[in-house]
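The structure appears below as structure tokens.
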Amino acid sequence: MSKFIREKLLFYPAKFNLYEAIFEHLDLSYLKEQLPKTGRRPFPRHGILRALIYKNLKAIKTLSELSFELSTNLGIAYVLGFDKKAPSRHRFEEFLHEVPNKLLQQIRMQQVKTLIKLSVISGKYLSIDSTAVVAWVKQNNPKIFIEGKFNKAKFPKGDPDARLGFMALKKLVKHSKEQQLELFNNKNKYDKQIIWFWGYRNHVIFDSLTELPVFEITKPANIPDCKVTVLAFRELNRNFKFKPKGVLGDAAHDSSYIRKYIRRSLKAKDFIPINPRSTTKDIKFTKHNTRACIAGFEMYP
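Position one of the sequence shown corresponds to residue -13 (my numbering), numbered consecutively onward.
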């Protein structure tokens, strides 16, 4: 009996049932196994893909930590499809380099179609958001001094496709003991911290009611969110015929072009906060978060 099977029978916690249920309904028919006639038998590609999904579910940061997790947790390794030995970091890297992104997108689209047939995803309300993907280059290492490392004309050699972008983070200002009483009355207690980085931004459209993604695309970090919104929804409509009643987004998607597209093309209502930008403070808004004129009446674009 394999030690993986013995580990599963002896130490099989209930949480493994969750992963079995997840991967049991995962359609991997698009991903074909490689069976060479000579040489050692490779690791199953289905198992490697399940392990990468498990990495995101468990918030494991690196591939080395994933390999260590599977080597020490033999039960979950058996559930993922490895019955003899867990793959090393190099096997995961080889899989990510060889498998095209288009194939992985087909697997994702097939899962979304299945969820639509089961009435899990309705598309009644759609949301769009993006997150920063920091590239693994030395320019992003704060401990290394490089002259002009944030010069947008000098691309990093470690990842030439990465572009310069920024993240706006809210950081709590430290106060002394005498200022703690004034902290609750101070509305500007959070200061924005701008962090520059080389990398990309991952843009995702997801079903607002279930928080399940239905579309994703990765662009260089120098492309703003408002340049991707309309293109993302057009690509989504080619694959799925959603008829949303509302579209949600943050202030980064605030533009007249996006609002007109949502109202006229999607026939939906936009729930996007107004980005004040460099406007004056005397501008008034109604309870519906739309701008009011001098007389106090609601204005329409």
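Cβ atoms here follow ideal geometry from the backbone N, Cα and C, with glycine treated the same way.
Using a Cβ-Cβ cut-off of 7 Å (strictly less than) and excluding sequence neighbours within five positions of Y111, which residues of its own chain qualify? Your numbering for residue 111 matches position 125 in the sequence shown. Once the five neighbours on either side are set aside, the close Cβ partners of Y111 are S194, L195, P230, K231, G232, L234.
With a threshold of 16 other CB atoms inside 10 Å of the CB of V106, please say whether the residue is buried or exposed. Along the sequence shown, read from residue 1 onward, the residue named residue 106 stands at position 120. That one is exposed.
Leaving out five residues on either side along the sequence, give the residues of the same chain with a beta carbon under 7 Å from the beta carbon of V65. For the purposes of this step, residue 65 is taken as the residue at position 79 of the sequence shown. Contacts found: F2, Y5, E6.
Would you call the stretch 177 to 185 and the stretch 140 to 159 in contact, with 3 or more CB pairs under 8 Å? yes
Grouping DSSP H, G and I as helix and E and B as strand, with all else coil, what is F2? Residue mapping note: residue 2 aligns to position 16 of the sequence shown, counting from 1. Here F2 sits in helix by DSSP.
Output needed for A237: all residues of its chain with C-beta closer than 6 Å, excluding positions within five of it in sequence on either side, in chain order. The sequence position of residue 237 within the sequence shown is 251, counting from 1. The answer, listed in chain order, is P259, N261.
Which ranges does the beta strand (DSSP E) cover as unbroken runs of at least 3 residues, wholly within the stretch 214 to 254, from first to last along the chain? 232 to 234
Specify, as a first and last residue, the run of the beta strand (DSSP E) that L344 falls within. Any answer about residue 344 is impossible in this case: the structure gives the chain only from -13 up to 287.
Which residue comes first and which comes last in the beta strand (DSSP E) that contains F201? Working through the sequence shown from its first residue, we reach residue 201 at position 215. Counting along the chain, the beta strand (DSSP E) containing F201 begins and ends at 198 to 206.
Considering only the beta carbon of each residue, do Y247 and V200 sit closer than 9 Å? Counting from 1 along the sequence shown, the entry for residue 247 is found at position 261. Counting from 1 along the sequence shown, the entry for residue 200 is found at position 214. No, the pair does not count as a contact, with Cβ atoms beyond the cut-off.
Measure the C-alpha to C-alpha separation of G151 and P128 and round it to an integer number of angstroms. To locate residue 151, count along the sequence shown from 1; it is residue 165. To locate residue 128, count along the sequence shown from 1; it is residue 142. If I take the Cα positions, the gap works out to 16 Å.
So, with DSSP's three-state summary, where would you put E10? Working through the sequence shown from its first residue, we reach residue 10 at position 24. Note: E10 maps to helix in three-state DSSP.
Would you kindly work out how many angstroms separate the C-alpha atoms of H274 and N188, rounded to a whole number? The residue labelled residue 274 in the question sits at position 288 within the sequence shown. The residue labelled residue 188 in the question sits at position 202 within the sequence shown. Answer to the nearest angstrom: the Cα atoms are 30 Å apart.
Would DSSP call I181 helix, strand or coil? Walking along the sequence shown from the start, residue 181 turns up at place 195. Note: I181 maps to strand in three-state DSSP.
Counting Cβ pairs, one atom from each stretch, are 3 or more of them under 8 Å apart for the stretch 72 to 90 and the stretch 44 to 53? yes
K88 in three-state terms, based on DSSP: Mapped onto the sequence shown, residue 88 falls at position 102. Helix.
Measure the Cβ-Cβ separation of L38 and L82 and say whether it is below 9 Å. In the sequence shown, residue 38 corresponds to position 52, counting from 1. In the sequence shown, residue 82 corresponds to position 96, counting from 1. Their beta carbons are under 9 Å apart, which means L38 touches L82 by this criterion.
Taking buried to mean at least 16 other C-beta atoms within 10 Å of its own C-beta, is G109 buried or exposed? Residue 109 sits at position 123 when you count from the first residue of the sequence shown. Buried, since its Cβ has 16 or more Cβ neighbours within 10 Å.
Since F192 contacts S113 with CB under 8 Å, what's their CB separation in whole angstroms? If you number the sequence shown from 1, residue 192 lands on position 206. If you number the sequence shown from 1, residue 113 lands on position 127. Right, their Cβ atoms sit about 6 Å apart.
Which residues mark the beginning and the end of the alpha helix (DSSP H) in which G282 is found? Your numbering for residue 282 matches position 296 in the sequence shown. Neither: G282 is in no alpha helix (DSSP H) and is coded neither H nor E.
Determine, using beta carbons only, whether R31 and L17 come nearer to each other than 9 Å. Here residue 31 refers to the residue found at position 45 when the sequence shown is read from its first residue. Here residue 17 refers to the residue found at position 31 when the sequence shown is read from its first residue. A contact, by the Cβ cut-off of 9 Å.
Beta-carbon proximity check, T204 vs V119, cutoff 9 Å: On the sequence shown, residue 204 is found 218 positions in, with the first residue counted as 1. On the sequence shown, residue 119 is found 133 positions in, with the first residue counted as 1. In this structure, V119 lies closer than 9 Å to T204 by Cβ.
Spatial neighbours of H239 in its chain, beta-carbon cut-off 7 Å, leaving aside the 5 residues before and after: On the sequence shown, position 253 is the one that residue 239 refers to. Closer than 7 Å at the Cβ level, and outside the excluded window around H239, lie I114, D211, C212, T215, I258.
From the DSSP output, in three-state form, read off D211 for me. Taking the sequence shown and counting its residues from 1, one reaches residue 211 at position 225. Correct three-state label for D211: helix.
Residue range of the alpha helix (DSSP H) that includes N42: For the purposes of this step, residue 42 is identified with residue 56 of the sequence shown, where counting begins at 1. 31 to 43 is the span of the alpha helix (DSSP H), which, as asked, contains N42.
Ordered along the chain, which non-local residues of its own chain (more than five positions away) have a Cβ less than 6 Å from that of A121? Counting from one through the sequence shown, the residue named residue 121 turns up at place 135. Excluding positions up to five away in sequence, the list reads D145, A148, W184, G185.
For I154, the three-state DSSP class (helix, strand or coil): Here the question's residue 154 lines up with position 168 in the sequence shown. Per the sequence shown, the amino acid found at residue 154 is Ala instead of Ile. Of the three classes helix, strand and coil, the one that applies to A154 here is strand, per DSSP.
Tell me whether K270 sits in a helix, a strand or coil according to DSSP, three-state version. Mapped onto the sequence shown, residue 270 falls at position 284. Three-state result, K270: strand.
Short of 6 Å in beta carbon distance, which residues of its chain neighbour K135, apart from the five on each side in sequence? Order them along the chain. For this step, residue 135 is matched to residue 149 along the sequence shown. Cβ within range, chain order: Q125.
Which first and last residues belong to the alpha helix (DSSP H) in which F131 is found? Within the sequence shown, numbered from 1, the residue matching residue 131 stands at position 145. Where F131 is concerned, there is no enclosing alpha helix (DSSP H), given that its DSSP letter is neither H nor E.
Beta-carbon separation of L14 and L43 under 9 Å? Here the question's residue 14 lines up with position 28 in the sequence shown. Here the question's residue 43 lines up with position 57 in the sequence shown. Not a contact, by the Cβ cut-off of 9 Å.
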